[in-house]
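A.B. asks: Per our numbering, the sequence shown starts with residue 198, numbered consecutively.
All residues carry an ideal CB built from backbone N, CA and C; glycine is no exception.
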Amino acid sequence: MFKKSIAALVLSTSTLAHANMSNYNQHIEFSYTVDQAENYTLYSYSNDAINPDPFSLSLSENTLNLEEPPLPKYLTVQNEKDWDYLKGQTYTILGLSVATVGLMTLLPESITKWDAEDRNLSGLGSKWKDNVTDGPVWDRDEHFLNYIMHPYFGGVYYTAARHAGFNEFESFLYSATMSAFFWEYGVEAFAEVPSWQDLFITPFFGAVVGELMFEAEQDIVASGGEVWGSETMGGVTLFFLNPVGHIHGWVSDAWGGSAEFQYSSKPWFGNHDAAQFAMDAGASYDKAFYGVEMKITF
198 MFKKSIAALV LSTSTLAHAN MSNYNQHIEF SYTVDQAENY TLYSYSNDAI
248 NPDPFSLSLS ENTLNLEEPP LPKYLTVQNE KDWDYLKGQT YTILGLSVAT
298 VGLMTLLPES ITKWDAEDRN LSGLGSKWKD NVTDGPVWDR DEHFLNYIMH
348 PYFGGVYYTA ARHAGFNEFE SFLYSATMSA FFWEYGVEAF AEVPSWQDLF
398 ITPFFGAVVG ELMFEAEQDI VASGGEVWGS ETMGGVTLFF LNPVGHIHGW
448 VSDAWGGSAE FQYSSKPWFG NHDAAQFAMD AGASYDKAFY GVEMKITF
């Protein structure tokens, strides 16, 4: 009796083992899909096909996206020359320059060296012509403006071109063009005579300062945007290393419009209503009128 029981137990164990091996060879598939429209997860199970891998987990494409969000354009460097981006930043520089001149008219004469006549906005065309004809001269500005602020703004011009994909020499040429023709013989010439110091120091020192600013910015970005372990300090530092790029990016994101810039030699830009209003208010009429016209579309 005992031998029969042992034999029956051995036979049943062998049968179960054979059944388990048979079931093990059947394909067992788990598939995972995501229905984005309904925003729920569906799990399905099948064991119909034969597959050497008993457990397979299939994920639909793009189910898992572990990439970090892209950096804003003003923190990246274009792989090739982006003329449109450089043009957009140039428009931003124009707006900031006009605002800077407006701010300087509010500063005391001891800082800007602009007297009451320089601050007078009437007769801008003739004043610009006289200043350009008289210059350049050795100015009497404060050392802080000549040897700190001008190299800094030269660096700001330089980094704008570097971010748009231009190399070091091309960025220097852009900075020299902006500082000489746009600022010294452009915006600032409406108030004062062009300066020898500014014509030399702004582009040449600005290129050196600008490259240091550019490299420091990229190092901070590579380290996660922190300075001394602080993201706030990092954000402030990044802004001052590339203020034009930041402001241009903020304005572009919030506004989404377009801007056009063109030279004009028509009195009052051809706006007869504005001319008549100004003349009725007592403004003088300039026979020779030179200026720039900026059109902003929202």
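What first and last residue would you give for the alpha helix (DSSP H) that runs through Thr429?
C.D. replies: Unbroken alpha helix (DSSP H) run through Thr429: 428 to 438.
A.B. asks: Which residues does DSSP list as the beta-bridge partners of Val298?
C.D. replies: Partner(s): none; Val298 has no beta bridge.
A.B. asks: Tell me Ala392's beta-bridge partners as DSSP assigns them.
C.D. replies: Reading off the sequence shown, one finds Ser at residue 392, where the question assumed Ala. Its beta-bridge partners are Val334.
A.B. asks: Leaving aside the five residues before and after Trp335 along the sequence, list all residues of the same chain whose C-beta is less than 6 Å from its C-beta, in chain order.
C.D. replies: Result list for Trp335: Trp393, in chain order.
A.B. asks: Please go through the same chain and pick out, in chain order, the residues whose beta-carbon is closer than 7 Å to the beta-carbon of Ile417, but skip the five residues on each side of it.
C.D. replies: Cβ within range, chain order: Val424, Gly431, Thr434, Leu435.
A.B. asks: Does the beta-carbon distance from Thr289 to Val441 come in below 8 Å?
C.D. replies: Yes, these two residues count as a Cβ contact at 8 Å.
A.B. asks: Within the continuous alpha helix (DSSP H) that includes Phe369, where are the two ends?
C.D. replies: Here the alpha helix (DSSP H) through Phe369 covers 365 to 374.
A.B. asks: Based on Cα-Cα distance, which residue from Phe437, Phe474, His360 lies nearest to Lys284?
C.D. replies: Considering only alpha carbons, the answer is His360.
A.B. asks: Quick check: what's the CA-CA separation for Asp470 versus Ser294?
C.D. replies: Their backbone Cα atoms lie some 27 Å apart in a straight line.
A.B. asks: Just mark His151 as buried or exposed, buried being the case when its beta carbon has 16 or more other beta carbons within 10 Å.
C.D. replies: Residue 151 is absent from the structure shown; the chain starts at 198 and stops at 495.
A.B. asks: What's the call for Asp395, buried or exposed, on a 16-neighbour Cβ count within 10 Å?
C.D. replies: Burial call: buried.
A.B. asks: Skipping 5 residues on each side, what residues in its chain have a beta carbon closer than 7 Å to that of Gly352?
C.D. replies: The answer, listed in chain order, is Gly403, Val406, Gly407, Met410.
A.B. asks: Can you tell me where the alpha helix (DSSP H) with Phe350 in it begins and where it stops?
C.D. replies: 347 to 360 is the extent of the alpha helix (DSSP H) around Phe350.
A.B. asks: Between Phe397 and the rest of its own chain, which residues show a CB-CB distance below 8 Å, the 5 nearest in sequence each way excluded?
C.D. replies: Cβ neighbours of Phe397 beyond the five flanking positions: none.
A.B. asks: DSSP state of Val424, grouped into three classes?
C.D. replies: Residue state, collapsed to three classes: strand.
A.B. asks: Apply the 10 Å Cβ neighbour rule to Leu256 and answer buried if 16 or more other Cβ atoms are within range, or exposed otherwise.
C.D. replies: In this predicted model, Leu256 has a pLDDT of only 44, less than 50, meaning its place in the structure is not dependable; the value taken from the coordinates is given anyway. Flag for Leu256 reads exposed.
A.B. asks: Mark Ala478 as exposed unless 16 or more other C-beta atoms lie within 10 angstroms of its C-beta, in which case mark it buried.
C.D. replies: Exposed.
A.B. asks: To the nearest angstrom, report how far apart Ala296 and Leu303 are at their CA atoms.
C.D. replies: About 11 Å.
A.B. asks: Between Ser368 and the rest of its own chain, which residues show a CB-CB distance below 6 Å, the 5 nearest in sequence each way excluded?
C.D. replies: Excluding residues within five positions, the ones whose Cβ falls inside 6 Å are Tyr355, Ala358, Arg359.
A.B. asks: Quick check on Leu438 - is its C-beta less than 8 Å from some C-beta in chain B?
C.D. replies: No chain B is part of this structure, which consists of one protein chain only.
A.B. asks: When you compare each of Pro391, Glu428, Met375 to Arg337 by their alpha carbons, which one comes out closest?
C.D. replies: Among Pro391, Glu428, Met375, the Cα nearest to that of Arg337 belongs to Pro391.
A.B. asks: Taking only the alpha-carbon atoms, compute the straight-line gap between Pro269 and Phe474 and give it to the nearest angstrom.
C.D. replies: Between Pro269 and Phe474, the C-alpha separation is close to 44 Å.
A.B. asks: Please report the straight-line C-alpha distance between Met476 and Gly383, rounded to a whole angstrom.
C.D. replies: Rounded to whole angstroms, Met476 to Gly383 spans 26 Å at the Cα level.
A.B. asks: Looking at the structure shown, is Gly479 part of a helix, part of a strand, or coil, going by DSSP?
C.D. replies: Reduced to three states, the DSSP call for Gly479 is coil.
A.B. asks: Going by other Cβ atoms of all chains shown within 10 Å of its Cβ, with 16 needed for buried, is Pro305 buried or exposed?
C.D. replies: Classification for Pro305: exposed.
A.B. asks: I'd like to check one pair, Gly362 with Gln286: are the Cβ atoms closer than 8 Å?
C.D. replies: Their beta carbons are not under 8 Å apart, which means Gln286 does not touch Gly362 by this criterion.
A.B. asks: By alpha-carbon positions, which one of Gln415, Pro348, Asn364, Thr429 ends up nearest to Asp279?
C.D. replies: The candidate whose alpha carbon is nearest that of Asp279 is Asn364.
A.B. asks: Which of helix, strand or coil does DSSP assign to Asn328?
C.D. replies: Helix at Asn328.
A.B. asks: With DSSP collapsed to three states, give me the class of Lys278.
C.D. replies: In the structure shown, Lys278 sits in coil (DSSP, three-state: anything other than H, G, I, E or B).
A.B. asks: Does DSSP put Pro267 in a helix, in a strand, or in coil?
C.D. replies: In this structure, Pro267 counts as coil in the three-state DSSP scheme.
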